[in-house]
C-alpha cells in the first residue's frame with residue numbers, strides 16, 4: 006500500500022487535509038493504495054493493512070511540495086500524526102501503531118510531524134498481539150555538488166536526502182500543508198520511535214524474526230528533532246526517547262538526533278544481547294545456516310547533539326520507574342562511536358545454586374478432545390501433553406497424557422479447556438505435544454511438538470500432519486540457572502552518574518580494550534570523552550569537569566568474575582543506591598571473587614568511604630582504597646594509579662595467602678599473559694603509583710586464618726592495624742618472601 010501526501014485535494018495550490026478522503030477518492034477497491042492511486046493519509050493505510058492480511062507492506066513516500074522540488078524541504082507536504090492544540094486528532098491519525106505482520110517503509114524526502122504521540126512497533130500488552138511488525142526508514146545522503154546544486158542520480162533525478170521526523174510546530178520543515186500560527190517547536194513535543202520486543206520475544210506463540218536471524222528494523226539517514234516527550238501508552242504517561250528499544254535490535258546508522266528532551270537513543274539492558282546462531286535452539290528444523298552473529302543494536306555513524314543526554318542511554322529503570330532491570334543474558338557493548346550512559350546501577354544477574362528441580366506441571370485433567378473434519382492429521386488414536394515455557398525457552402515438567410481421541414479419517418483435533426499459564430509465574434507461553442497410541446498395547450509412542458501456544462488461550466485446533474521436536478522423556482526435569490555476562494569492546498565509553506556496575510554470583514564482566522582503544526569508565530560530567538559528534542554528553546556544555554566520587558565503581562561480588570584490561574577508570578569511588586538507602590563503593594571491589602586487572606589507568610578516584618553503611622545489604626563492608634579486595638587473589642599487573650584519595654590497593658590479611666596464582670591472560674582477543682611461576686596469593690607486578698593518599702598496598706589488620714605469604718616485592722606493603730598470627734595447627738604462619746628482583 007502506498008501513501009503519498011501530495012495525492013490529496015488542493016486548495017489555492019496547497020493540500021487540504023480537512024476534506025475527507027471519501028469526497029476525493031473513489032470507493033476503496035483492489036486498486037486503491039497502489040502507486041497510481043495512493044492513500045493520502047497514513048491512518049487509512051494502517052487500517053486497511055490491519056483488516057486485510059493480503060497487504061503486508063506500507064510505503065510512505067516523500068514529495069516535492071508546492072514547488073515540486075524534494076530538496077526544498079520547507080514547503081514539502083508533511084504527514085501529521087498526533088493531536089492538535091484543541092485535542093482533536095491530526096490528519097494522519099492520533100498515533101502510528103504498526104499492525105501485526107505489517108512492514109512500514111518510509112522513503113527518503115518524507116517529512117513526518119508529530120504532536121504528543123509516538124511510532125509504536127511491537128506489542129505493549131500481552132492481550133493485544135501486534136508482533137512481527139517492522140519499521141524501515143530509508144533516507145539517503147543529502148549530497149550537494151560543487152556549484153551548490155543538489156546531486157542527481159544516474160537517471161538525472163534529484164537524490165531526495167533524509168527522512169525527517171519532527172514536531173508539528175516545526176516551521177522549518179514540511180510547511181507546505183502546516184498552519185503558520187503554530188507555536189515554536191520545543192524539545193519533548195512528541196515521543197519517538199518506540200521499538201518493543203520484550204513481550205513478543207518472550208512468547209513463543211508469536212513470530213520473532215530475530216530468532217531466525219532476520220533483523221528488519223532499520224533506520225538510516227533519518228533526522229529526528231524535538232522528541233523525547235511523554236506520551237500515552239496503554240493509559241499511562243510514558244517518556245519515550247527519540248529512538249527507544251526494548252529487547253529488539255534495529256540498525257541505526259548515519260542519522261541525526263537533536264533538540265530532544267530525553268536521551269537521543271535508549272535501550273534496556275537485555276537489548277544488548279549477543280546471539281550466536283550456532284546454538285541448538287536456533288537450528289531445530291534446519292531453518293538457516295548459522296554463519297552469523299548479532300550483537301545488540303547496530304549503531305554507528307550517528308550525530309547526537311543538543312539533547313538532554315547525547316548518547317546511548319541504558320534504560321535500567323523500568324518504564325514505571327519502580328524496579329531496576331538487570332542484564333539476564335550474554336550482553337555486549339560494541340557501539341564504540343557513541344557513549345553508553347548509566348544513570349542507575351547496572352546489575353549483571355547471577356544465579357546462586359545448582360539447577361532447579363521442576364516438580365510442578367500443567368494439569369491435563371480438564372482438557373477435552375474432539376475430532377474435526379479439517380486438518381492433515383492421519384486417522385488413528387492420539388493423546389496430548391502440555392508444558393509451560395519461560396522467557397528463556399526453558400520448559401516445565403510435562404502434564405500427564407490426556408484422555409485419548411480417535412480419528413476415523415484424516416482431519417484434526419479440537420482441544421478445549423487447556424490450562425493457562427499460572428498468574429504471576431515465570432512462564433510466558435506453552436508447548437503442545439502429541440503422540441500416537443498403539444492400539445495393541447494402549448501405550449503412547451513418542452510425543453512430538455505440534456504447536457506453540459500463548460499464555461492464555463484455552464482452545465486450539467490441531468491440524469498439523471506431523472510433529473517436530475520430541476518431548477524430553479526424563480522423569481526428573483532440571484531447569485538451568487543461566488548466568489549473565491557483560492562484555493565491553495575496545496574503544497567503548499561508559500559514563501555513569503551516581504551508579505555502579507555490579508556482577509553477582511556466577512556473572513561475568515569483561516571490559517578488555519586494546520592499545521590506543523581503551524574501555525573508558527568515567528563520570529557523566531567528564532567532557533574529556535564522548536562520541537556521536539560531541540563530548541558534551543550530559544548537555545551541560547563543554548565545561549563539564551570530572552570530580553572524584555561522581556559515580557560508584559565496579560563491584561565483583563561473591564562467586565563472580567571480572568577481567569579489565571586496557572581500560573580507564575576515572576571519577577569513581579562515590580555513593581550509589583542500595584536496597585533501602587545509599588552506600589559508597591570503591592572504584593574496584595572484588596569480594597570473594599576472581600579478577601584480572603591489567604594495563605589500566607586510574608585517575609582522580611575517591612576512596613570509596615564517603616559514608617559508612619555496614620555490610621551494605623549483604624555486599625560486605627569496605628575500606629578506603631582504589632582497589633579493594635577481600636578473600637580474593639586477583640591478578641593486578643601493569644596498571645597506573647594516579648590521584649587517588651585513598652591507598653592504591655587495600656587487601657585483607659587472609660587474601661595474601663599461599664595459594665599459587667598465575668596470570669591466565671585475557672578472556673577476549675590475544676591472551677597477553679605474563680609468565681610467572683611460583684607466585685603465592687595475589688599476583689601484583691609492574692604497577693606505577695603517583696599522587697595517591699597512600700602509594701602502596703594497605704594490608705588491613707586482623708587474625709591470620711591461613712598460611713600467609715607476602716612475595717610482591719615491587720609493591721610497598723603498608724600496615725596500620727595489628728596483625729595477629731596464631732599458633733599453627735594444620736597450616737598457618739606468615740612468610741615474608743624475597744625473589745631475584747628484591748627483598
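Residue numbers (my numbering): 6 to 748.
Glycine included, every Cβ here is placed at the ideal spot set by N, Cα and C.
Problem - Three-way DSSP call (helix, strand, coil) for residue 178 in this model - result: Secondary structure of residue 178 (DSSP, three-state): coil.
Handout entry: Chain-order list of residues whose beta-carbon lies under 8 Å from that of residue 664 (same chain, five-residue window excluded)
Key = Excluding positions up to five away in sequence, the list reads 638, 685 and 686.
Handout entry: Beta-carbon proximity check, residue 575 vs residue 526, cutoff 9 Å
Key = Closer than 9 Å, so yes.
Practice task
Note down the Cα distance separating residue 239 from residue 128, rounded to an integer number of angstroms.
Solution key: Going by the C-alpha atoms only, they are around 11 Å apart.
Exercise for the section: Determine the DSSP secondary structure at residue 7, reduced to helix, strand or coil. Expected result: Residue 7 sits in a strand when the DSSP states are folded into three classes.
Practice task
Give the DSSP bridge partners of residue 376, in chain order.
Solution key: Answer is 418, bridged to residue 376.
Handout entry: Length of the line joining the Cα atoms of residue 177 and residue 204
Key = Those two C-alpha atoms are separated by around 38 Å.
Exercise for the section: Locate the alpha helix (DSSP H) running through residue 204, then write down its first and last residues. Expected result: Looking at the DSSP string, the run of the alpha helix (DSSP H) that includes residue 204 is 203-207.
Exercise for the section: State the Cα-Cα distance for the pair residue 520 and residue 571, rounded to the nearest angstrom. Expected result: Rounded to the nearest angstrom, the two C-alpha atoms are 7 Å apart.
Practice task
Taking the CB atoms as reference points, tell me whether residue 340 and residue 398 lie closer together than 9 Å.
Solution key: With a cutoff of 9 Å on beta-carbon distance, residue 340 and residue 398 are scored as not near each other.
Exercise for the section: Go through its chain and collect everything with a Cβ distance to residue 55's Cβ below 8 Å, but skip five positions before and after it. Expected result: When the five nearest sequence neighbours on each side are left out, the beta carbons in the same chain lying within less than 8 Å of the beta carbon of residue 55 are those of 104, 105 and 107, in order along the chain.
Problem - CB of residue 709 within 9 Å of CB of residue 688, strictly - result: Cβ atoms of residue 709 and residue 688: not closer than 9 Å.
Practice task
Quick one: using the 10 Å Cβ neighbour count with 16 as the cut-off for buried, is residue 265 buried or exposed?
Solution key: Looking at its Cβ environment, which holds 16 or more other Cβ atoms inside 10 Å, residue 265 is buried.
Practice task
Inspect the beta-carbon positions of residue 111 and residue 99 and report whether they are closer than 9 Å.
Solution key: By the CB criterion at 9 Å, residue 111 and residue 99 fall outside the cutoff.
Exercise for the section: Could you name the residues of the same chain whose beta carbon sits closer than 6 Å to that of residue 48, not counting the 5 residues immediately before and after it, in chain order? Expected result: Closer than 6 Å at the Cβ level, and outside the excluded window around residue 48, lie 97 and 98.
Exercise for the section: Determine which residues share a DSSP beta bridge with residue 475 and list them. Expected result: By DSSP's assignment, residue 475 forms a beta bridge with 453.
Handout entry: Three-state secondary structure assigned by DSSP to residue 115
Key = If DSSP states are grouped into helix, strand and coil, residue 115 belongs with coil.
Practice task
Leaving out five residues on either side along the sequence, give the residues of the same chain with a beta carbon under 6 Å from the beta carbon of residue 314.
Solution key: Taken in chain order, the residues that qualify are 268 and 346.
Exercise for the section: Determine the extent of the alpha helix (DSSP H) in which residue 238 is found, giving its start and end residues. Expected result: Segment 235-238 is the beta strand (DSSP E) holding residue 238; no alpha helix (DSSP H) there.
Practice task
Give the C-beta separation of residue 277 and residue 231 to the nearest angstrom, bearing in mind that I take them to be a contact with Cβ-Cβ under 8 Å.
Solution key: Between the beta-carbon of residue 277 and that of residue 231 there is about 27 Å, and that puts the pair past the 8 Å contact cut.
Practice task
Would you identify the three-state DSSP class for residue 315, choosing helix, strand or coil?
Solution key: In the structure shown, residue 315 falls within a strand segment according to DSSP collapsed to helix, strand and coil.
Handout entry: residue 77 versus residue 190 - alpha carbon distance
Key = Approximately 20 Å, taken between the alpha carbons.
Exercise for the section: Would you kindly check if the distance between the Cβ of residue 582 and the Cβ of residue 350 is under 9 Å? Expected result: In this structure, residue 582 lies closer than 9 Å to residue 350 by Cβ.
Exercise for the section: State yes or no: is the C-beta of residue 418 within less than 9 Å of the C-beta of residue 466? Expected result: Cβ atoms of residue 418 and residue 466: closer than 9 Å.
Handout entry: Cα-Cα separation, residue 182 to residue 173
Key = For residue 182 and residue 173, the distance between alpha carbons rounds to 11 Å.
Exercise for the section: Look at the alpha carbon of residue 29 and the alpha carbon of residue 50, and state the distance between them as a whole number of angstroms. Expected result: A caution first: residue 29 carries a pLDDT of 41, below 50, which makes its placement in the model unreliable, though a value can still be read off. The alpha-carbon atoms of residue 29 and residue 50 are separated by roughly 16 Å.
Problem - Under 9 Å between C-beta atoms of residue 116 and residue 179 - result: Yes, the Cβ-Cβ distance between residue 116 and residue 179 is below 9 Å.
Exercise for the section: For the region 646-659 and the region 602-621, state whether three or more C-beta atom pairs, one from each stretch, are separated by less than 8 Å. Expected result: Yes, since at least three Cβ pairs between the region 646-659 and the region 602-621 fall closer than 8 Å, the two stretches touch.
Practice task
Assign residue 603 to one of two classes, buried (16 or more other C-beta atoms within 10 Å of its C-beta) or exposed (fewer than that).
Solution key: With a 10 Å radius around the Cβ and a threshold of 16 neighbouring Cβ atoms, residue 603 comes out buried.
Practice task
Give the secondary structure of residue 800 by DSSP, where H, G and I count as helix, E and B as strand, and everything else as coil.
Solution key: In the structure as shown, the chain starts at 6 and stops at 748, and residue 800 therefore has no counterpart that could be examined.
Handout entry: Burial state of residue 669, where buried means 16 or more other Cβ atoms lie within 10 Å
Key = Counting Cβ neighbours within 10 Å, residue 669 comes out exposed, since fewer than 16 surround it.
Handout entry: Residues of its chain near residue 12, where Cβ-Cβ distance is below 6 Å and the 5 sequence neighbours each way are ignored
Key = Hits under 6 Å: 43 and 45.
Handout entry: beta-carbon residue 665 near the ligand HEM non-hydrogen atom, thresh 8 Å
Key = Although the ligand HEM was asked about, the structure shown includes no ligands whatsoever.
Exercise for the section: Would you mind giving the Cβ-Cβ distance between residue 305 and residue 282, rounded to the nearest angstrom? I have them listed as a contact below 8 Å. Expected result: The pair is not a contact, with the Cβ atoms about 22 Å apart (cut-off 8 Å).
Exercise for the section: For my contact list, residue 252 and residue 275 are in at a C-beta cut-off of 8 Å; report their separation, rounded to the angstrom. Expected result: Contact holds; Cβ gap of about 5 Å.
Problem - Own chain partners of residue 726 with C-beta closer than 7 Å, once the 5 adjacent residues on each side are dropped - result: If we look at residue 726 and ignore the five residues flanking it on each side, its Cβ neighbours are 705 and 706.
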